[in-house]
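Basically our numbering = 1-based index in the sequence shown + 30.
Presented below is the structure to which this report refers.
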Amino acid sequence: IPGSVLHKYHVTAELSAPLENLCCVLAEPDLFGQLFWYVRDIKLLVPSGRVQRAVYARFYAPWPFADRTIYLVGRGIDALDEPSQSVYIVIRSVRPADGAAWRAAERMRERVADQRSVTVEARACFELHPVSRGRTRVRLVGVFDARIKFIPPSLINWVSREINSHGTIQLG
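Structure, rendered in structure tokens:
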């Protein structure tokens, strides 16, 4: 992401949940606020496609930081009948080339302009792989710019690990 300080992450966890259940939860982003304490607000930007979502999300940040806002587009890829036998979810920040999703993100930016938040950027891929009946390995690889220039990367990495640990516990 041009002009940013990227934090790379790679998280792998094995969850006690069937692949189908995880796919159902991930396909309903409006549930995230109920599952994760740090999600303050989340909304679909455009009507959902079968395998695509575009969302606005606002995440809690402790004082003295401003909350973080992100506008994402995500696509699901079914590769269960391929050698990987996995489902992939690729997400990235919305761009002008995304057409309707970009225009909806711009309208949302205007609506939430009075809220104290900082817009962040991200790119990531989730891999969901059935390990056994009722168990799924989830791997998340990505880059994220938290737009916090004066905090040491080691502290940001620690916070990221804590948030990822919480998310893993909540999902499985």
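Just so you know, even glycine gets a beta-carbon here, dropped at the ideal spot from N, CA and C.
Excluding the 5 residues preceding and the 5 following Lys38 in the sequence, name in chain order all residues of the same chain whose CB lies nearer than 6 Å to its CB. Excluding residues within five positions, the ones whose Cβ falls inside 6 Å are Val173.
Please report how far the alpha carbon of Arg141 lies from the alpha carbon of Tyr86, in whole angstroms. The straight-line gap from Cα to Cα measures roughly 12 Å.
For the putative contact between Tyr101 and Ala135, defined by C-beta atoms under 8 Å, what is the C-beta separation to the nearest angstrom? The beta-carbon distance between Tyr101 and Ala135, rounded to whole angstroms, is 4 Å. This is short enough to meet the 8 Å contact definition.
Three-state secondary structure assigned by DSSP to Pro160: In the structure shown, Pro160 sits in a strand (DSSP, three-state: E or B).
Near Val76, which residues of its chain fall below 8 Å by C-beta distance, leaving aside the five closest residues on each side in sequence? Residues of the same chain with a CB within less than 8 Å of the CB of Val76, apart from the 5 flanking positions on each side, are Ala84, Ala130, Ala131, Ala134 in chain order.
Can you give the Cα-Cα distance for Val55 and Asp144, rounded to whole angstroms? The C-alpha of Val55 lies about 31 Å from the C-alpha of Asp144.
Just to confirm the assignment, what range does the beta strand (DSSP E) spanning Arg88 have? Following the DSSP letters along the chain, one finds Arg88 inside the beta strand (DSSP E) bounded by residues 82-89.
Cα-Cα separation between Ala154 and Ser116, rounded to whole angstroms: Taking the straight line from one Cα to the other gives about 16 Å.
Starting from the Cα of Gly164, find the closest Cα among Arg177, Leu45, Leu74 and give me that residue. Considering only Arg177, Leu45, Leu74, the residue with the shortest C-alpha distance to Gly164 is Leu45.
Go ahead and pull the three-state DSSP assignment for Leu216. Because the chain is modelled from 31 through 202, residue 216 falls outside the range shown and cannot be assessed.
Looking at the structure shown, is Gly172 part of a helix, part of a strand, or coil, going by DSSP? Looking at Gly172 - three-state DSSP - the assignment turns out to be strand.
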